[in-house]
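Notes for the one structure printed next.
Residue numbers (our numbering), protein chains in the order written: chain A, 63 to 473; chain B, 63 to 473.
Take a look at the structure:
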């Protein structure tokens, strides 16, 4: 019998009515002959409320106690959902992370899953139960409650699907699936039927939300098909899987725009081994996450080193760099916080030429000047003036026909 | 180093300010050189809210899931209290029932404690931590969360005190201690300094609240001194211990009045072995709890069987009795729901005569007629007309001088 894991986020279980709706969906999957495991998040704004409660008694609460506190949110949801299923005449049992031995390391508030006692759940499934598991939480070797950090419930769901060898992990959310680009920026964007883990990872790292990178990495590692779909209807959403042959024909799957970036350029750094490492170690120490890096030699002695960071990290980054500038011989620091980064992602780039050319053409058509360019194997990004961002994205989407399903594009 | 267990009920931890106050009290006890274990209930009306949430999705929720749900209330309190202590610079760690292996049977919503892993807590105490334990909850052998039913947090606290061989278990509540009688009925009532487990058990069974019978039984069994005191001030409260010599001189420790009773009389029951057992088995099946029973032979063939029950159980009881009346040959059923039961309790009754006479004298003085009388080793109860209840209690309190501390009474 096939196992399906269904994950419901906080907005999909925010009140009694929504919990009943999610439970009904699980029941249908069960009635269709599947074994069903539900993973649920805390209801609506419950976690925020608990964090506020904590800050009232301690502005800097110990992480272990924070996990002990906020893990109650999911525990409440799963017991309520088991009750809802019971009211429908369906056998159901809820589990906390501790109860299914979702063992993690002891890095409270950002723990990583090490193992899951799948046998325990399997036993209940075999007895005809729907199992409801608290997402986002685990337990360390000594029995302390841990939580998995941002996107944690998705990670719980995909990890459970992997441990149970599930046919699919369904992620129910408040959008219909993954779109070719943000429909708020390009209203003609269409939902993708299918996308590869690698593309989804790139999109996630470019801030194209919906799912957090870690859960996708898990899916990729353990080969779990992930189906991102709406909790409000029965439409198929977007299926995330390993790359399949037909994907190779798709040059560009999606496009993104990020505006909350800043670009820092260190001009005239001494071109010596280890200097770049020194700069980035310094930034890491200041907990600044660095995105794309560009280094160019400007002479035999000097190089320019540029990179992008989140705009919110700018003050920290500048402070950190002040401490290292002299050491690496940097002549001047140049900061831009008026930029947008336009990216296109597609596995087809691996085997096809011309994508970069087409992208630059799109930007030229829109009369947008390019500040800098970075690429990965399946991504090309351009930095442009923030004021040109919207028209640049629109032009790129039109040139790559992101308003059409992948199989109807003409290029 | 002496161990003190401090238990704080829901009203004593209802908000951030009260949690901080309770934490401060624990800190003081720690600073005075004690090892401190705190047992806490869910905040204020939290449990009621969770029960309401449950009933919204299932009018008859499965008990296992109910326990899974409502146990989150105490988990939230204990983590918040650990955070509050951390903010004061005091090392503190919170535990759920599962985390300290508070193992119970699997009778969900009314489980009984079987064992506690005291060594785990002792280890943290020895490292200078204050341990905060979620009251009311445990875990069965298979890892399911259980709850202990009414008064459960008190039972957790006393059981922990027993397991840790604590010097005292302090029960912090919203009253100053145990009074000679309900001050709302007899304003001159005084706080008792000292009372025996047996007396407290009688008072608890007579509805004189403050503490639930089970926790007192635990205290008696494992010889844990229980100190009931106010969470609002530092006044000494009432100490509940084993009987000590000086208590023998106290003929009457306290008096109670219960008005929420009904009395049922089965008139003319066949006087055969097993008939009374049949009646009470039938009532037990209908989940009706029977208090005092009086049986009197009225002839060689017939007996009258009377007993009191909670008024709220009257409909269930009458229904149950309708099914058994014929079988036991009962001639008629006589019900009174207009009664009050006045009781006096005192270990001194064991070795002193005259208490009953003095009680009847008090009622006669107040011109109160007695419907029936029952006694235990340390208690005498009279049923009177409900309209005479208040003046009967007042007269009894005055005759036994319950407005004076025990050592100042003149009888």
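Beta carbons: idealized from backbone N, C-alpha and C, even for Gly.
| Asked | Found |
| --- | --- |
| Contacts around residue 140 of chain A, its chain only, beta-carbon distance under 8 Å, and the 5 residues preceding and following it disregarded | 100, 102, 156, 157, 158, 194, 195, 196 |
| Residue 337 of chain A in three-state terms, based on DSSP | helix |
| Per-residue contacts from residue 481 of chain A into chain B (C-beta, under 8 Å) | A query on residue 481 of chain A cannot be resolved here, the shown segment of chain A reaching from 63 to 473 and no further. |
| Cross-strand partners of residue 366 of chain B (DSSP beta bridge) | B:358 |
| Under 8 Å between C-beta atoms of residue 439 of chain B and residue 320 of chain B | no |
| Inter-stretch contact at 8 Å, needing at least 3 Cβ pairs: the segment 355-363 of chain B / the segment 296-311 of chain B | no |
| Status (buried if at least 16 other CB within 10 Å, exposed otherwise) for residue 351 of chain A | exposed |
| Classification of residue 107 of chain A by the beta-carbon crowding that lies within 10 angstroms, buried from 16 upward | exposed |
| Classification of residue 282 of chain A by the beta-carbon crowding that lies within 10 angstroms, buried from 16 upward | buried |
| Span separating the alpha-carbon of residue 382 of chain B from that of residue 82 of chain B | 50 Å |
| Any chain A beta carbon closer than 8 Å to residue 82 of chain B | yes |
| Between the CA atoms of residue 92 of chain A and residue 250 of chain A - distance to the nearest angstrom | 36 Å |
| Among B:96, B:469, B:67, the one whose alpha carbon lies nearest that of residue 309 of chain B | B:469 |
| Any C-beta of chain B under 8 Å from that of residue 205 of chain A | yes |
| For residue 307 of chain A, the first and last residue of its enclosing alpha helix (DSSP H) | Segment: none, residue 307 of chain A is in no alpha helix (DSSP H) and carries neither H nor E. |
| Short Cβ contact (8 Å threshold) for residue 64 of chain B with residue 291 of chain B | no |
| Residue nearest to residue 72 of chain A in terms of C-alpha spacing, selected from A:422, A:90, A:137, A:95 | A:137 |
| Those runs of the alpha helix (DSSP H) which lie wholly inside the segment 159-227 of chain B and span at least 4 residues | 180-188, 214-225 |
| Alpha carbon of residue 462 of chain A to alpha carbon of residue 252 of chain A, nearest angstrom | 12 Å |
| Contact check, residue 328 of chain A vs residue 353 of chain A, beta carbons under 8 Å | no |
| Within chain A, the residues that residue 362 of chain B reaches when beta carbons sit closer than 7 Å | Going along chain A, no residue has its Cβ under 7 Å from residue 362 of chain B, so there is no contact; the nearest lies around 55 Å. |
| Backbone secondary structure at residue 69 of chain A - three-state DSSP | strand |
| Top-ranked residue by Cα proximity to residue 288 of chain A, from A:322, A:147, A:224 | A:224 |
| Beta-carbon proximity check, residue 207 of chain B vs residue 133 of chain B, cutoff 8 Å | yes |
| Validate contact between the segment 259-276 of chain B and the segment 331-345 of chain B using beta carbons, cut 8 Å, 3 pairs | no |
| Boundaries (first-last residue) of the beta strand (DSSP E) holding residue 231 of chain B | 230-235 |
| DSSP-derived helix/strand/coil call for residue 448 of chain A | helix |
| Residue 313 of chain B (DSSP reduced to helix, strand or coil) | coil |
| Where residue 472 of chain B falls, given that 16 or more other Cβ within 10 Å makes a residue buried | exposed |
| Residue 257 of chain A - containing alpha helix (DSSP H), residue span | Where residue 257 of chain A is concerned, there is no enclosing alpha helix (DSSP H), although the beta strand (DSSP E) it sits in stretches over 256-258. |
| Runs of alpha helix (DSSP H) lying entirely within the segment 399-429 of chain A, each at least 4 residues, in chain order | 417-427 |
| The segment 132-147 of chain A: positions lying closer than 7 Å to chain B by Cβ | 134, 137, 138, 141, 142, 144, 145, 146 |
| Cβ-based contacts, 7 Å cut-off: residues of the segment 148-179 of chain A near chain B | 148, 149, 156, 160, 161 |
| N- and C-terminal bounds of the beta strand (DSSP E) containing residue 97 of chain B | 97-102 |
| Beta carbon of residue 311 of chain B nearer than 8 Å to that of residue 410 of chain B | yes |
| DSSP bridge partner residues for residue 332 of chain A (one or two, in chain order) | A:364 |
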